[in-house]
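In the numbering used here, the protein residues as written are 9 to 116.
Even for Gly, the Cβ is constructed at its ideal location relative to N, Cα and C.
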Amino acid sequence: MAQPNQGRLLTDDASMSGLGLHRSKFEEWEDALRSPNTESGEYEWWYADGHLQDGWFLQVAFFYNSEGNGTKAGLIDLNIAKGGEKLCDLHKRFELSANLYVAKTNVM
């Protein structure tokens, strides 16, 4: 049987440079929330799904929601199915501190 392609994280300096990324400076074009003063109702999410050859299906999403300078919440959705049968359907919300700081440019 042929070996599947191995994935890897692109965290070495050469890979990051080739992608225009910097370890300690985040640019506006990067996919991340950058404003510490989000407006009420603003949100951001990250999503991934996978359909595997043996019939498994996985979907995961992470959400960050803001009520301006007040309540901030995180949400996680996780769905797992096989052969059309849903085995997991998780929707978890958790409160985050209103003082949570979301980086403007530098996180490190």
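Rounded to whole angstroms, what's the CA-CA distance from Gln-61 to Cys-96? Just pull it up for me.
19 angstroms
Only counting the same chain, and skipping five residues up and downstream in sequence, which positions put a Cβ closer than 6 angstroms to that of Asn-68?
According to the sequence provided, residue 68 is Val. The question's Asn does not apply to it. Excluding sequence neighbours, Val-68 sits near Ala-56, Leu-86.
Best match in Lys-33, Phe-70, Gly-91 for proximity to His-99 [C-alpha to C-alpha]
Phe-70
For the candidate residues Thr-19, Leu-66, Ser-25, whose alpha-carbon lies nearest to that of Gly-92?
Leu-66
CA-CA distance, His-59 and Trp-53?
20 angstroms
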